[in-house]
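Here the structure is laid out as structure tokens; the discussion comes afterwards.
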Amino acid sequence: MQFPPGFRFGMATSAYQIEGAADLDGKGPSIWDTFAAQPGRIRNGADGRVAIDHYHRYAEDVAHIAASGVQDYRFSFSWPRVMPGGATVNPAGLDFYDRLVDALLAAGVRPVPTLYHWDLPQELEDRGGWLNRDTAHRLADYASALAVRLGDRIHDWITLNEMNVHTLYGYGLADHAPARGLGLAALPAAHHQLLAHGLAVQVLRTHGATSVGIANQHFPVAAASEDPEDQMAAEIFRTLTNWTFSDPILLGEYPDEMIRAGVGTEDAQLDRDLELIGARLDFYGVNFYEPTAIEAPKAGKDYSGVLEVDIPEGLPFSPVPVKSDERTDFGWAIVPGALTEILTSLKDRYPHLPPVIITENGASFHDAAPGPDGRVHDPRRIAYLDAHLHAVQDAIEAGVRVDGYYVWSAFDNLEWAAGYDERFGLIHVDFETQHRTRKDSWYWYRDLIAAQSRPA
Ligand code: FCB
């Protein structure tokens, strides 16, 4: 597989999923610390208090990342580590990221940090979290503290991660922190994250950032049948989970009047917000895992267990299983062509789509511990990544400009509410001993990257 010259390969992680050190060196609590401490929230009672102890093992981790030859490493800052309570800067928290960034640069890897990957300071949640407009301004202050300290070495920034998943699972449902379960009344949380994005873009550029983007999750939504009711249900879901989070950024407007009204900001202010939110980006990050299929809810039918989450009754759509012969061990459908499809539909929808970076893509397989040969054989992950990279190539051939691809994830880690059972890493982690072992997929990725610089 050959990618265009300058194409960037990377690996991705996020703070809560790997760092641990939950209350060391001045770090405050996040909504995920609170959520994890409540019985029954995370599978097997797991939490991120230690995670994979990246806070202490970052030097070893950077060595594993760099040895693969990746150009980029996407990680996230922990807001409550850098600014506990969302209020005052914690110098020890900034020191950690200072060390991490220096280690990456010394190893020849470009840091591509995300400001916010779901771990809101608990005190901000206590004041309304993302339902409170002020949280967007607090994020801008936090962005400024990071840019002042690290902007001399970091040039590429991602503002927020998957606002749609955070809004839907954390505010609409109760399957992720902060477990609000508000249904469609969660929409203001979407708008305030978008506003935070817009404010952060401005702040980062003021401090000299040259490349700013976002990481949005996108997926094609198919209707379960030709039936107009199913088609309509799919259209509502597609709009709500995809375009609500990308149209404001890439078109400067909400996809329809219902959404515009639902975000609950009065018109004049909303128009000003949208102007900020719609500022041109240097790249557009797409996270992709699987497509979705939707039907209009059928009376009396049991939809439980279709997703890992419980969808409340009364909504105008119901997810149904995606038809696919192959699934990951997490149960996610493996449909690489859906990645090509979503990339081409983004290009068709957005005349000014910036260059795309696939900021996350990967698969959980329950890889066994290293065998007697010391290796972790994960051929299914290799097949998944290979197929999705081919899907990216197909999109490039169809005229979509894609500048990079990051594997989720560098390491096995805490998969949110699913705990430690779901292993997405290129590097296996023994959660008892914290021993790291490069999986076969890590070697495969290294060889693929190395083959890029060689003439065919
Ligand atoms: C995405 C998240 C990421 C990871 C993958 C599997 O939704 O952004 O943190 O958990 O899913």
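Under this note's numbering, the first residue of the sequence shown is numbered 59, with each subsequent residue one higher. For glycine and all other residues, C-beta sits at the position ideal for the given N, C-alpha and C.
Residues sharing a beta bridge with residue i, DSSP
i	result
residue 69	131 and 465
residue 186	Answer is none; residue 186 lacks a bridge partner.
residue 275	345
residue 44	Residue coverage of the chain in this structure runs from 59 to 514, which leaves residue 44 outside it and unanswerable.
residue 235	Bridge partners of residue 235: none, in fact.
residue 486	495
residue 416	344 and 463
residue 269	214
residue 179	88
residue 364	DSSP lists no partner for residue 364.
residue 509	Paired residues: none, contrary to the question.
residue 280	351
residue 426	Partner(s): none; residue 426 has no beta bridge.
residue 391	385
Delimiting residues of the alpha helix (DSSP H) encompassing residue i
i	result
residue 149	149-164
residue 330	325-335
residue 34	An answer regarding residue 34 cannot be provided, because it is not within the stretch 59 to 514 covered by the chain.
residue 211	Counting along the chain, residue 211 falls outside any alpha helix (DSSP H), and DSSP gives it neither H nor E.
residue 254	245-264
residue 359	Where residue 359 is concerned, there is no enclosing alpha helix (DSSP H), given that its DSSP letter is neither H nor E.
residue 381	First-last for residue 381: undefined, no H or E at that position.
residue 407	395-407
residue 320	315-320
residue 138	137-140
residue 63	Counting along the chain, residue 63 falls outside any alpha helix (DSSP H), and DSSP gives it neither H nor E.
Residues of its chain near residue i, where Cβ-Cβ distance is below 8 angstroms and the 5 sequence neighbours each way are ignored
i	result
residue 173	134, 135, 137, 197, 200, 201, 204, 215, 216, 217, 218 and 258
residue 150	83 and 84
residue 355	291, 361, 371, 373, 374, 375 and 376
residue 301	313 and 407
residue 260	198, 334 and 337
residue 102	477, 478 and 479
residue 364	376, 377, 378 and 379
residue 64	461
Residue nearest to residue i in terms of C-alpha spacing, selected from the options
i	options	result
residue 519	346, 269, 511 and 409	Residue 519 falls outside the range modelled here, since the chain spans only 59 to 514, and no answer is possible.
residue 477	73, 94, 349 and 384	94
residue 273	233, 164 and 220	220
residue 338	355, 388, 411 and 156	411
residue 445	369, 494 and 393	393
residue 68	191, 461, 324 and 437	461
residue 213	473, 130, 165 and 139	130
residue 497	297, 231 and 469	469
residue 207	267, 306 and 327	267
residue 507	74, 465, 348 and 369	465
residue 190	322, 494, 71 and 62	322
residue 188	126, 281, 164 and 89	89
residue 474	282, 390, 427 and 76	76
residue 112	140, 433 and 74	74
residue 331	155, 140, 121 and 318	318
residue 154	140, 166 and 163	140
residue 467	91, 304 and 123	123
residue 250	194, 262 and 264	194
residue 517	145, 144, 109 and 163	Examination of residue 517 is not possible in this model, given that the chain is present from 59 through 514 alone.
residue 48	472, 342, 159 and 452	Because the chain is modelled from 59 through 514, residue 48 falls outside the range shown and cannot be assessed.
residue 369	210, 328 and 352	352
Cut-off 6 angstroms between Cβ atoms - residues of its own chain near residue i, not counting five sequence neighbours on either side
i	result
residue 459	413
residue 421	386, 439 and 442
residue 344	276, 414 and 416
residue 97	none
residue 229	238, 240, 244 and 247
residue 107	80
residue 223	275
residue 489	478
residue 226	none
residue 99	93
residue 454	460
Opening and closing residue of the beta strand (DSSP E) in which residue i lies
i	result
residue 378	376-378
residue 200	Unbroken run through residue 200 is the alpha helix (DSSP H), 192-208; no beta strand (DSSP E).
residue 215	214-219
residue 351	350-353
residue 168	168-174
7 angstroms Cβ shell around residue i - same chain, five flanking residues per side excluded
i	result
residue 142	84, 85, 86, 148 and 179
residue 502	440
residue 287	354
residue 500	126, 484 and 485
residue 504	126 and 127
residue 433	498
Residue i at chain D interface by Cβ criterion, 9 angstroms
i	result
residue 491	The chain labelled as chain D is not found in the depicted structure, where only one protein chain is given.
Heavy atom of the ligand PLP within 8 angstroms of residue i beta-carbon
i	result
residue 301	Of the ligands this structure carries, namely the ligand FCB, none is the ligand PLP.
- Query: Looking at C-beta atoms only, is the number of pairs between the stretch 397-414 and the stretch 241-261 that lie closer than 8 angstroms three or more?
  - Reply: Counting Cβ pairs under 8 angstroms, fewer than three are found: no touch.
- Inter-stretch contact at 8 angstroms, needing at least 3 Cβ pairs: the stretch 307-325 / the stretch 226-240: Flag = no, the stretch 307-325 and the stretch 226-240 do not touch.
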